[in-house]
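**Student:**
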Amino acid sequence: MKKLCLKDILDYLKQEQIAYNFQEGESSGEFYELASLFAPVNGGFYFFTGREFHFPVEKSLVLCSQHLNSGNSEIIVKDVDIQLVYYRLLSHFFPETSTGEIHQWVEIHPEAKIGQNVQIDAFCVIGKCEIGDDVVIGSHTKIYDGTIIGRRTIIESGSVIGTRGIAWTWNEDQSEKVLQPQLGGVKIGKGCVLSAQTVIVRGSINENTVIGDHSYLAAGCRLGHGTVIGDYVHMANAIITGGNTQIGNYSFIGSGAVFRPKVKLDENTIVGAGSVVVKNTSQSGMTLMGVPAKETETKDELSGMPKPKK
Numbered sequence: 000m001k002k003l004c005l006k007d008i009l010d011y012l013k014q015e016q017i018a019y020n021f022q023e024g025e026s027s028g029e030f031y032e033l034a035s036l037f038a039p040v041n042g043g044f045y046f047f048t049g050r051e052f053h054f055p056v057e058k059s060l061v062l063c064s065q066h067l068n069s070g071n072s073e074i075i076v077k078d079v080d081i082q083l084v085y086y087r088l089l090s091h092f093f094p095e096t097s098t099g100e101i102h103q104w105v106e107i108h109p110e111a112k113i114g115q116n117v118q119i120d121a122f123c124v125i126g127k128c129e130i131g132d133d134v135v136i137g138s139h140t141k142i143y144d145g146t147i148i149g150r151r152t153i154i155e156s157g158s159v160i161g162t163r164g165i166a167w168t169w170n171e172d173q174s175e176k177v178l179q180p181q182l183g184g185v186k187i188g189k190g191c192v193l194s195a196q197t198v199i200v201r202g203s204i205n206e207n208t209v210i211g212d213h214s215y216l217a218a219g220c221r222l223g224h225g226t227v228i229g230d231y232v233h234m235a236n237a238i239i240t241g242g243n244t245q246i247g248n249y250s251f252i253g254s255g256a257v258f259r260p261k262v263k264l265d266e267n268t269i270v271g272a273g274s275v276v277v278k279n280t281s282q283s284g285m286t287l288m289g290v291p292a293k294e295t296e297t298k299d300e301l302s303g304m305p306k307p308k309k
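Just so we're aligned: 245 in numbering that gives the first Met the number 0 is position 246 of the sequence shown, and the numbers increase by one with no gaps anywhere.
1. Bridge partners of Tyr31, per DSSP?
2. Whole angstroms is fine: what's the gap from Val192's alpha carbon to Gly24's?
3. So, helix, strand or coil for Lys186, using DSSP?
4. List the DSSP bridge partners of Trp169.
5. Quick one: using the 10 Å Cβ neighbour count with 16 as the cut-off for buried, is Met0 buried or exposed?
6. Helix, strand or coil, according to DSSP, for Gln14 in the structure here?
7. Measuring straight from C-alpha to C-alpha, what distance separates Leu89 and Lys58?
8. Smallest Cα separation from Val277: which of Gly284, Ser283, Met288, Asn267?
9. In chain order, what residues of the same chain lie with their CB nearer than 8 angstroms to the CB of Lys176, ignoring the 5 residues before and after it?
10. Counting beta carbon pairs with one atom in the segment 97 to 109 and one in the segment 76 to 88, are three or more of them shorter than 8 angstroms?
11. Over the uninterrupted beta strand (DSSP E) stretch that includes Ile81, give me the two end residues.
12. Cα separation between Gly42 and Gly70?
13. Reducing DSSP to helix, strand and coil, say where Leu36 ends up.
14. Are Leu3 and Phe21 close, meaning C-beta to C-beta below 8 angstroms?
15. Report the residue from Cys128, Glu15, Val61 whose alpha carbon sits nearest the alpha carbon of Leu36.
16. To which residues does DSSP link His233 through a beta bridge?
17. Between which residues of its own chain and Thr162 is the CB-CB distance below 8 angstroms, once the five residues before and five after are set aside?
18. Just to confirm before moving on: does the CB-CB distance between Ile148 and Leu182 stay below 8 angstroms?
19. Buried or exposed: which applies to Phe92, given that a residue is buried once 16 or more other Cβ atoms fall within 10 Å of its Cβ?
20. If we ignore side chains and look at the alpha-carbon of each, how far apart do His66 and Ile17 end up?
21. DSSP three-state label for Leu9, please.
22. Following the continuous beta strand (DSSP E) through Glu294, name the residue where it begins and the one where it ends.
23. Relative to the C-alpha of Ser274, which residue among Gly255, Cys123, Lys112, Gln179 is closest?
24. Thr244 and Phe258 - do their beta-carbons sit closer together than 8 angstroms?
25. State the DSSP-derived secondary structure class of Lys77, mapped to helix, strand or coil.
26. Tell me whether the beta-carbon of Gly99 lies closer than 8 angstroms to the beta-carbon of Asn116.
27. Relative to the C-alpha of His139, which residue among Thr48, Val159, Arg151 is closest?
28. How is Lys263 classed by DSSP in three states: helix, strand or coil?
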């Protein structure tokens with residue numbers, strides 16, 4: 000159970016020059032438990048972006064944009080993104096950063112290049128690769144030769160980065176399969192998060208499998224050889240790409256989506272959960288849904304989708 004002191008919360012808002020109005024509730028407390036409205040508890044600290052607060056919580060603290068008449072204590076801020084303030088506040092008090100410790104039960108190639116303040120947990124195997132500053136690598140992760148990892152990236156437990164893919168052809172009488180050597184590498188940008196049991200196949204010949212800056216892959220994603228993921232892409236759980244898939248910047252891919260090899264998505268594409276993508280998008284800003292996925296226009300200002308940086 001993690002708690003925050005009311006004074007610390009208000010001091011943070013002052014430090015960040017966020018104007019607020021504090022309204023004390025019926026039973027104002029000094030400490031509040033970090034909690035989600037999907038799992039409400041009394042005495043929690045929440046953010047709420049709506050107008051009508053009907054959640055069964057008491058003696059709690061709510062970050063909001065208007066008075067809710069909820070009976071709880073409220074921190075009312077105007078002209079700011081409530082969710083963004085809440086996330087930054089929690090990140091300030093509970094940062095997910097490297098400890099700078101490399102566990103004694105880690106195997107590291109003698110020619111690996113390890114940056115400053117890198118955390119590598121127990122039972123990892125690190126090949127001849129380059130790891131940038133402030134990277135965190137969770138336990139039981141394997142990093143193959145030819146991998147480059149940008150600074151401040153987090154790779155969580157049980158992941159495999161740079162494993163081989165399978166490309167083959169038949170011999171002359173089709174009695175035996177002949178494998179193509181997998182000679183490429185993997186490049187992961189800065190500020191990425193690869194959740195548990197992510198598997199990244201290396202490029203097949205002279206290519207690299209690439210993940211752009213600040214892209215997030217949820218647990219269980221699988222990227223085929225030569226896949227190129229742009230910057231600020233979010234991939235939900237258990238997504239699988241075929242070889243040489245390309246996904247443009249700022250795209251959002253729903254859970255369980257599957258990509259045919261060589262498919263190309265433009266920037267700001269949304270792919271619905273469970274979709275099977277077999278064709279290129281016609282332009283940026285489209286939504287793909289279904290099996291096989293069909294293309295429709297994305298509605299304007301869709302929640303959760305950023306505006307591309309110019």
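Ideal Cβ positions, reconstructed from N, Cα and C, are used throughout, including at glycine.
**Tutor:** In short, the structure shows the following:
1. On the sequence shown, position 32 is the one that residue 31 refers to. Paired residue(s): Leu3.
2. Taking the sequence shown and counting its residues from 1, one reaches residue 192 at position 193. Taking the sequence shown and counting its residues from 1, one reaches residue 24 at position 25. Spanning the alpha carbons of Val192 and Gly24 requires a straight line of approximately 38 angstroms.
3. Along the sequence shown, read from residue 1 onward, the residue named residue 186 stands at position 187. Strand, per DSSP.
4. Residue numbering aside, residue 169 sits at position 170 when the sequence shown is read from its first letter. In the DSSP secondary-structure assignment, Trp169 is bridged to Lys176.
5. As a first step, residue 0 must be located in the sequence shown, where it is residue number 1. When all chains shown are included, Met0 counts as exposed.
6. Along the sequence shown, read from residue 1 onward, the residue named residue 14 stands at position 15. Reduced to three states, the DSSP call for Gln14 is helix.
7. Here the question's residue 89 lines up with position 90 in the sequence shown. Here the question's residue 58 lines up with position 59 in the sequence shown. C-alpha separation (whole angstroms): 20 angstroms.
8. Taking the sequence shown and counting its residues from 1, one reaches residue 277 at position 278. Nearest option by C-alpha distance: Met288.
9. Along the sequence shown, one-based indexing puts residue 176 at 177. If we look at Lys176 and ignore the five residues flanking it on each side, its Cβ neighbours are Trp167, Thr168, Trp169, Asn170.
10. As far as the Cβ criterion goes, the segment 76 to 88 does not touch the segment 97 to 109, which means the pair count is below three.
11. The sequence position of residue 81 within the sequence shown is 82, counting from 1. It is not in any beta strand (DSSP E) - Ile81 instead sits in the alpha helix (DSSP H) that spans 81 to 92.
12. By 1-based counting over the sequence shown, the position of residue 42 is 43. By 1-based counting over the sequence shown, the position of residue 70 is 71. Rounded to whole angstroms, Gly42 to Gly70 spans 12 angstroms at the Cα level.
13. Against the sequence shown, residue 36 aligns to sequence position 37. It is coil, neither helix nor strand.
14. The residue you call residue 3 lines up with position 4 of the sequence shown. The residue you call residue 21 lines up with position 22 of the sequence shown. If you check the CB distance, Leu3 and Phe21 do not come in under 8 angstroms.
15. Sequence index remark: in the sequence shown, residue 36 carries index 37 (1-based). Taking the Cα of Leu36 as reference, the smallest distance to any Cα among Cys128, Glu15, Val61 is reached at Val61.
16. Counting from one through the sequence shown, the residue named residue 233 turns up at place 234. Residue pairing by DSSP puts His233 in a beta bridge opposite Tyr215, Phe251.
17. What you label residue 162 is simply residue 163 of the sequence shown in a count that begins at 1. Close CB contacts of Thr162 within its chain, under the 8 angstroms cut and outside five residues either way in sequence, are with Lys141, Tyr143, Val198, Ile199, Val200, Arg201 (chain order).
18. Reading the sequence shown from its first residue, position 149 is the one you call residue 148. Reading the sequence shown from its first residue, position 183 is the one you call residue 182. With contacts defined as CB atoms closer than 8 angstroms, Ile148 and Leu182 fail to qualify as a contacting pair.
19. To locate residue 92, count along the sequence shown from 1; it is residue 93. Burial call: exposed.
20. One-based indexing of the sequence shown puts residue 66 at position 67. One-based indexing of the sequence shown puts residue 17 at position 18. Rounded to whole angstroms, His66 and Ile17 show a C-alpha spacing of 17 angstroms.
21. As a first step, residue 9 is located in the sequence shown; it is residue number 10 there, counting from the start. It is helical.
22. Counting from 1 along the sequence shown, the entry for residue 294 is found at position 295. From DSSP, the beta strand (DSSP E) with Glu294 extends over 293 to 296.
23. Counting from one through the sequence shown, the residue named residue 274 turns up at place 275. Among Gly255, Cys123, Lys112, Gln179, the Cα nearest to that of Ser274 is on Gly255.
24. Along the sequence shown, one-based indexing puts residue 258 at 259. Along the sequence shown, one-based indexing puts residue 244 at 245. Judged by beta-carbon spacing, Thr244 lies within the 8 angstroms limit of Phe258, meaning their Cβ atoms are closer than that value.
25. Residue mapping note: residue 77 aligns to position 78 of the sequence shown, counting from 1. In the structure shown, Lys77 falls within a coil segment according to DSSP collapsed to helix, strand and coil.
26. Within the sequence shown, the letter at position 100 stands for residue 99. Within the sequence shown, the letter at position 117 stands for residue 116. In terms of Cβ geometry, Gly99 and Asn116 form a close pair [threshold 8 angstroms].
27. The residue labelled residue 139 in the question sits at position 140 within the sequence shown. Ranking Thr48, Val159, Arg151 by CA distance to the CA of His139 puts Val159 first.
28. The residue you call residue 263 lines up with position 264 of the sequence shown. Residue state, collapsed to three classes: strand.
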